[in-house]
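First up is the structure itself, then whatever we jot down about it.
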């Protein structure tokens, strides 16, 4: 168990819903900012015909990832489009031609696994794979730790601690072979011997499924008590191994690499089938969705297309959330498109949230007990509220993982994590000037 | 067409609010209150009514003076302060004195600082101590408890702790207190005292309920009570003629009311578990020193108020070790 944490109702209503395919939309918008790091650089122009799996934008640095077309069609434009972060970011707009004509990717694949780790890392990078748990960090970077950081363990993250989301759960049930194959490959790429699949106890069927597989030597499936934010890398590593990632450090500092189960399946596809990252599984949920479930969708699919093709909504949405309800971002509309990090789309009505009334802190200490980083969120929040930015580093503001536990438990409805984000941003701005 | 609301994450919130906390504490005080009403009858109801209504009226007045809306009246904190103040008063308290207490609690120890959340000291305790110092006679004459008396009993009865102090001063020993029937204060039988100090059992039941509901944690009440027990036990073992038994100290006076309901006040006590343990131990030590060696027979109110004053510094030195930073010893050698 990690320190702190909260236990919201898990609302895993779509756990029984098998993964379904959705028809391709009439228009695909591939945002150039699909991942953390430098946005990709487009290499096609308006009017070009592109094939499925063809690169439309290339990585623009080491921490970046290329983007591929999920189907064949014509590039209509490269224009600013609304991103799930709410900003306008250039996107490659493709009109599918319905042929779904694909490049021959198998010729570059390594189905017999003869090419070895270095070649595989390159393949992962070229396939545009990024972390699918939500943060979307380019995967090839994580699989390529510096020489002085020996890795002994790869953790497959099947925790899925966000309420409502069940995409990883379904993937573990329906395609454990790909996940395990990806895990084996990841193990060899980082030179580790041990592999642990971490799954929370609210997914016993997934635990059984993974355990029923022919697990190689050094592989283990670990059941964790249900507690948010167990899927956060540092908390998961601590829960599984007791190792603490140092403040300001990365998992590799304690010899661990964590990969989401979906990402591992993508690694498997990239290496054995040569398939780049062009689609993902996501959960559609919330009280308003008429067709809640788990769907395999093309990257670049407009969110409105997903809603329309699953029966629509029972009423006007009061809250649209990209991702999970604890760390996901609220959207102003369904105009933006699926990115590689889109793990869920949740639609809520006006009655689903109680009215919040932020008041003075009553020092109940619930946020202190709930903080997985052992911070004093009430103090950090008050400091930002009163513009006392100088004291923030002393209270370790940058160790905050922004999981939102403090805000979740606060009986005075204080937006603690939002103040902390604001405080971090202020410190960054001050360091720049 | 309504457009979706843009709000920062987390979008889910627990159902726990200031109101649920305050009203749960009020609920937990019900057994203790019921015992008080049972033994002090109509006068107990009078004291509670004046105190609660007084606190609400002064809270409303303060909110009006500060130009705030009256929403804060509904948060339950003024009602709770009123009830706690009443529990700290004898049933014979005159109405005007209770109202002075309400003024001190709400205006002078809560609203002048900015209202709920900003007060450094427990408002009900400040009021109690203010009244104790200002009106020592009225605050220390205790009508004898009877089964639901309709009128004020003119016969008064000392509290067990008061009797102990008097005996000590007069004879140098605690006298009859050594043979005190400990079931009396436990069940709330025939002893003098405030409304809220005559049945330890009812208060413990309420306190246990609060811990079970997660409204308070065990840290303060358990360490507070354990410290009192250990300290008074040590003295009792040394000289049982001069020092009463530790069980006597637990079941008499305001210890249970203080430990479960006043020393656990969120606003005025530490936020960290370590800090709460220090707070509880500190309260216990001061309580015992006052009871055994001080001028007052009872020290719970003073102990909690003094530890309230120490809360900021306790919070400063009991910050939890941040995840991923070095542990105590390693950090110091770096």
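Protein chains in written order, with our numbering: chain A, 29 to 461; chain B, 488 to 821. All C-beta atoms, glycine included, are put in the ideal place defined by N, C-alpha and C.
Chain-ordered neighbours of residue i on chain B, where CB pairs are closer than 8 Å
i, result
"residue 392 of chain A", "508, 753 and 758"
"residue 360 of chain A", "490, 491 and 493"
"residue 384 of chain A", "500"
For residue i, three-class secondary structure by DSSP
i, result
"residue 127 of chain A", "coil"
"residue 580 of chain B", "coil"
"residue 345 of chain A", "coil"
"residue 406 of chain A", "helix"
"residue 488 of chain B", "Because the pLDDT at residue 488 of chain B is just 49, under 50, the model does not fix this residue reliably, and the value given afterwards should be weighed accordingly. Looking at residue 488 of chain B - three-state DSSP - the assignment turns out to be coil, as it is neither helix nor strand."
"residue 616 of chain B", "helix"
"residue 790 of chain B", "helix"
"residue 258 of chain A", "coil"
"residue 703 of chain B", "coil"
"residue 374 of chain A", "strand"
"residue 454 of chain A", "helix"
"residue 173 of chain A", "coil"
"residue 248 of chain A", "strand"
"residue 588 of chain B", "helix"
"residue 202 of chain A", "helix"
"residue 263 of chain A", "helix"
"residue 419 of chain A", "helix"
"residue 158 of chain A", "strand"
"residue 90 of chain A", "coil"
"residue 802 of chain B", "helix"
"residue 213 of chain A", "helix"
"residue 332 of chain A", "helix"
Presumed contact (8 Å Cβ cut-off) between residue i and residue j, rounded CB distance
i, j, result
"residue 716 of chain B", "residue 667 of chain B", "At roughly 16 Å, the Cβ-Cβ gap does not stay under 8 Å, so residue 716 of chain B and residue 667 of chain B are not in contact."
"residue 55 of chain A", "residue 123 of chain A", "6 Å"
"residue 57 of chain A", "residue 330 of chain A", "7 Å"
"residue 572 of chain B", "residue 611 of chain B", "4 Å"
"residue 300 of chain A", "residue 139 of chain A", "5 Å"
"residue 822 of chain B", "residue 644 of chain B", "Not covered by the structure: residue 822 of chain B. The range shown for chain B is 488 to 821."
"residue 497 of chain B", "residue 405 of chain A", "Rounded, the Cβ-Cβ distance is 12 Å, inconsistent with contact."
"residue 228 of chain A", "residue 263 of chain A", "Residue 228 of chain A to residue 263 of chain A, Cβ: 12 Å. No contact."
"residue 739 of chain B", "residue 646 of chain B", "7 Å"
Neighbouring residues, chain A, relative to residue i (Cβ below 9 Å)
i, result
"residue 623 of chain B", "Chain A residues near residue 623 of chain B: none, gap ~33 Å exceeds 9 Å."
Assigned exposure category for residue i - 16 Cβ within 10 Å defines buried
i, result
"residue 593 of chain B", "buried"
"residue 265 of chain A", "buried"
"residue 90 of chain A", "exposed"
"residue 447 of chain A", "buried"
"residue 59 of chain A", "buried"
"residue 609 of chain B", "buried"
"residue 126 of chain A", "exposed"
"residue 19 of chain A", "The requested residue 19 of chain A does not occur in the structure, where chain A is confined to residues 29 to 461."
"residue 196 of chain A", "buried"
"residue 488 of chain B", "Annotation note: pLDDT 49 at residue 488 of chain B (below 50); position unreliable, coordinate value reported separately. When all chains shown are included, residue 488 of chain B counts as exposed."
"residue 725 of chain B", "exposed"
"residue 702 of chain B", "buried"
Range of the contiguous beta strand (DSSP E) that encloses residue i
i, result
"residue 307 of chain A", "307–313"
"residue 697 of chain B", "Here residue 697 of chain B belongs to no beta strand (DSSP E); instead the alpha helix (DSSP H) covers 687–699."
"residue 73 of chain A", "Careful: residue 73 of chain A lies outside any beta strand (DSSP E) and carries neither H nor E."
"residue 654 of chain B", "Residue 654 of chain B -> not in any beta strand (DSSP E); alpha helix (DSSP H) instead, spanning 647–658."
"residue 388 of chain A", "Taken as a continuous stretch (DSSP letters only), residue 388 of chain A belongs to no beta strand (DSSP E), as it is neither H nor E."
"residue 108 of chain A", "101–110"
N- and C-terminal bounds of the alpha helix (DSSP H) containing residue i
i, result
"residue 271 of chain A", "Where residue 271 of chain A is concerned, there is no enclosing alpha helix (DSSP H), given that its DSSP letter is neither H nor E."
"residue 604 of chain B", "It is not in any alpha helix (DSSP H) - residue 604 of chain B carries neither H nor E in the DSSP assignment."
"residue 511 of chain B", "505–552"
"residue 293 of chain A", "289–296"
"residue 777 of chain B", "760–780"
"residue 623 of chain B", "623–626"
"residue 150 of chain A", "145–154"
"residue 573 of chain B", "564–574"
"residue 398 of chain A", "394–398"
Listed by chain order, chain B residues near residue i by CB distance under 7 Å
i, result
"residue 446 of chain A", "495"
Cross-chain neighbours of residue i in chain A, by beta carbon under 7 Å
i, result
"residue 499 of chain B", "36, 191, 353, 354 and 436"
"residue 605 of chain B", "388"
"residue 808 of chain B", "402"
Chain D contact for residue i (CB, 8 Å cutoff)
i, result
"residue 41 of chain A", "Absent from the structure is chain D; the protein chains it does hold are A and B."
Residues that residue i contacts on chain B, provided the C-beta gap is smaller than 9 Å
i, result
"residue 274 of chain A", "811, 812 and 813"
"residue 277 of chain A", "811"
Contacts that residue i makes with chain A (C-beta to C-beta distance below 8 Å)
i, result
"residue 503 of chain B", "394, 437 and 439"
"residue 602 of chain B", "388"
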